[in-house]
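Novice: The structure's right below; bear with me while I get my questions together.
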Amino acid sequence: MVAEQFAKIMKASGAVALNIGEVLPARPFLEAAGEYLGARMVFLEGSSNVRRCLTPDLTIAACLARIHASDDDPSGRFWYSGNVFRESEDESLVIKRRDIGMELIGEDSSPEAHLGMCDLWWRLLPGKVQEQVRVYVDDRDMFAMLLEDLAVAGPLRRRLLAAYNRPDQLRAMINGGMEPRPSTHLNIAKMAVTLGVDKGMEFLANWVNTQSDGVTVGRSLEEICDRLWMLGELEAAGGLDESQTTVLTNFLALECPMANLPSLLAERQIKVGGRLLELIKAYAEEAGQMNWEPERLIFRPANAERLDYYSGFSFQAVTKNRERVFAGGRYDGLMEQLGGTAMPAYGGSINLDVLEALS
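Residues in the sequence shown are numbered consecutively from 58, following the numbering used here.
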């Protein structure tokens with residue numbers, strides 16, 4: 058019933074249906090989604106030089122379909138229904154789930170658009186299911202603006218943003234003050250940074266090629282040099298100070314109805330201003346206008362493991378048993394990463410199997 062209702066809404070809106078295959082080249086998924094997805098992909102044996110897999114993610118598959126389409130402009134509104142395949146956590150079996158979803162490629166971000174997508178999925182849920190679900194929302198842009206307001210050094214800021222989709226790792230880094238542990242690699246990285254970018258990267262490449270003792274296994278020369286350079290920059294930046302650590306820790310501990318976020322920040326004495334305050338107020342105002350019970354739409358930063366391609370706003374609707382009913386977010390860099398034209402994009406999908414079990 059939900060799938061049919063969703064299809065009618067999409068057709069009425071002028072969205073274009075995409076046909077997504079169940080077997081696709083594995084490399085784009087490995088490069089765009091990161092280790093979190095790569096560890097659960099189902100690879101296929103074959104004689105081809107191209108490694109293939111059962112489709113593990115429909116957003117990447119949809120973007121690839123648009124990039125490889127015959128028309129020149131990949132942007133627009135698109136919808137699909139399809140199967141997702143992933144290994145179970147213990148790798149004992151292949152889990153197949155049925156999804157319906159939509160991708161808005163080439164559309165700019167705004168709190169209205171983001172929460173509007175949450176509202177679309179929410180309205181598709183039967184009332185019985187709505188009673189069992191909370192929607193957790195987050196926006197990486199808020200964290201980026203907070204780092205800027207706190208004057209966190211550039212290398213530290215880049216490293217924290219890179220870790221944002223890994224909540225446990227992010228919190229551990231902040232709690233540790235972002236101070237690299239002494240090691241041979243750190244000494245080499247420190248030496249490279251003192252030489253400047255060009256000579257320093259050349260120095261690192263020579264070291265990796267001659268004395269790295271297999272550290273490059275599974276990684277390209279460019280990737281390992283970039284990681285070492287970042288390590289050297291982190292050391293040079295000197296880590297987070299106590300006040301920065303406190304504010305970041307308090308911010309990541311927030312959990313409240315989105316409409317109440319401005320008042321909670323004031324109550325917790327987390328001072329924000331400028332662009333960040335404007336963004337928070339815009340989300341809170343939009344949330345206040347939605348016909349939801351306030352406790353159903355919760356702001357919780359860095360609240361779950363996300364695929365590497367997520368770049369800003371994200372949302373997930375989960376039950377008390379942590380079953381994910383629908384989820385999605387913004388992925389502005391994905392089209393370019395997959396070989397297409399750089400453009401903003403966001404989307405989401407609903408898990409029909411979980412929905413039916415709850416109904």
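Here a beta-carbon is modelled for each residue, glycine too, at the ideal position from N, C-alpha and C.
Every value quoted in this text rests on a predicted model; they were computed, and no experiment measured them.
If you drop the 5 nearest sequence neighbours on each side, which residues of the same chain put their C-beta closer than 7 Å to that of Leu115?
Specialist: Ile77, Tyr137, Gly139, Val141, Asp156, Gly158 and Ser406
Novice: For the structure I just gave you, are there three or more beta carbon pairs, one from the segment 377 to 397 and one from the segment 206 to 226, closer than 8 Å?
Specialist: no
Novice: Entirely within the segment 150 to 198 and at least 4 residues each: give me those alpha helix (DSSP H) ranges in chain order.
Specialist: 168 to 181 and 184 to 187
Novice: Just the Cα atoms here: how many angstroms apart are Glu3 and Glu148?
Specialist: Residue 3 cannot be examined here, being either before or after the span of the chain that is shown, 58 to 416.
Novice: How many whole angstroms separate the CB atoms of Leu94 and Leu364, which I take to be in contact at a CB cut-off of 8 Å?
Specialist: 6 Å
Novice: Do Ala69 and Cys110 have their CB atoms nearer than 8 Å?
Specialist: no
Novice: Which same chain residues end up closer than 7 Å to Ala126 when comparing Cβ atoms and leaving out the 5 residues on each side of it in sequence?
Specialist: none
Novice: Taking C-alpha atoms, which residue in Ala414, Thr267 and Asp410 lies nearest to Glu152?
Specialist: Reading off the sequence, residue 152 comes out as Ile, not Glu. Ranking Ala414, Thr267 and Asp410 by Cα distance to Ile152 puts Asp410 first.
Novice: Just how far apart, CA to CA, sit Leu334 and Ala341?
Specialist: 10 Å
Novice: Excluding the 5 residues flanking Leu285 on each side, which residues of the same chain have their C-beta closer than 6 Å to its C-beta?
Specialist: Ala246 and Leu261
Novice: Return helix, strand or coil for Val274, following the three-state DSSP convention.
Specialist: Any answer about Val274 is weak, because its pLDDT of 48 lies below 50 and its placement is not dependable; what the coordinates show is given next. If DSSP states are grouped into helix, strand and coil, Val274 belongs with coil.
Novice: Starting from Thr241, trace the alpha helix (DSSP H) in both directions and tell me its first and last residue.
Specialist: Thr241 to Thr251
Novice: With a threshold of 6 Å on Cβ separation, who are the neighbours of Cys175 within its own chain once the five nearest residues in sequence on each side are excluded?
Specialist: Val192 and Phe372
Novice: Is the beta carbon of Pro85 sitting closer than 8 Å to the one on Gly397?
Specialist: no
Novice: Between Lys338 and Leu311, what straight-line distance do the alpha-carbon atoms span, to the nearest angstrom?
Specialist: 16 Å
Novice: Between which residues of its own chain and Glu343 is the CB-CB distance below 7 Å, once the five residues before and five after are set aside?
Specialist: Pro168, Glu169 and Leu172
Novice: What residue range does the beta strand (DSSP E) around Val375 cover?
Specialist: Run containing Val375: Phe370 to Thr376, per the beta strand (DSSP E) assignment.
Novice: Going by DSSP, which residues form a beta bridge with Tyr403?
Specialist: Leu161 and Arg387
Novice: Just to confirm, is the Cβ distance from Gly369 to Asp206 under 8 Å?
Specialist: no
Novice: I'd like the list of long-range same chain contacts for Ala293, defined as Cβ closer than 6 Å, with 5 residues on each side in sequence excluded.
Specialist: Val250
Novice: Hey, Phe200 and Pro319 are a contact pair by Cβ (cut 8 Å); roughly how many whole angstroms apart?
Specialist: The Cβ separation is near 17 Å, so there is no contact.
Novice: Just to confirm, are Leu203 and Phe308 a CB contact at a threshold of 8 Å?
Specialist: yes
Novice: Could you tell me the boundaries of the alpha helix (DSSP H) in which Glu299 lies?
Specialist: Glu299 to Leu309
Novice: Under the three-state reduction of DSSP, which class applies to Pro82: helix, strand or coil?
Specialist: The answer is strand: DSSP assigns Pro82 an E or B state.
Novice: Can you tell me the Cβ-Cβ gap for Ile66 and Ala89, rounded? I've got them flagged as a contact below 8 Å.
Specialist: 28 Å between Cβ atoms; not a contact.
Novice: Just reading off the alpha helix (DSSP H) that Gly345 is part of, what are its end residues?
Specialist: Element bounds for Gly345: Gly331 to Gln346.
Novice: Taking the continuous alpha helix (DSSP H) assigned at Ile66, which residues delimit it?
Specialist: Val59 to Ser70
Novice: Just verifying my parser: in three-state terms, what is the DSSP assignment at Arg357?
Specialist: Arg357 carries a coil assignment under DSSP once its states are collapsed to helix, strand and coil.
Novice: Taking 6 Å as the limit between beta carbons, can you name the residues of its chain near Trp349, skipping five residues before and five after?
Specialist: For Trp349, there are no CB contacts under 6 Å within the same chain when 5 residues up- and downstream are skipped.
Novice: By DSSP, does Pro314 sit in helix, in strand, or in coil?
Specialist: strand
Novice: Alpha carbon to alpha carbon, what distance is there between His242 and Arg216?
Specialist: 17 Å
Novice: Rounded to a whole number of angstroms, what is the C-alpha to C-alpha distance between Gly133 and Cys313?
Specialist: Those two C-alpha atoms are separated by around 34 Å.
Novice: Counting only the same chain and skipping the five closest in sequence on each side, list residues whose C-beta sits under 8 Å from that of Ile124.
Specialist: Pro131, Met392, Leu395, Gly396 and Gly397
Novice: For Leu181 versus Val190, is the C-beta spacing smaller than 8 Å?
Specialist: Not closer than 8 Å, so no.
Novice: Could you check how far apart the C-beta atoms of Leu354 and Val186 are, in whole angstroms? I think they sit under 8 Å.
Specialist: About 15 Å; that fails the 8 Å criterion.
Novice: Which first and last residues belong to the alpha helix (DSSP H) in which Glu92 is found?
Specialist: Glu92 to Gly95
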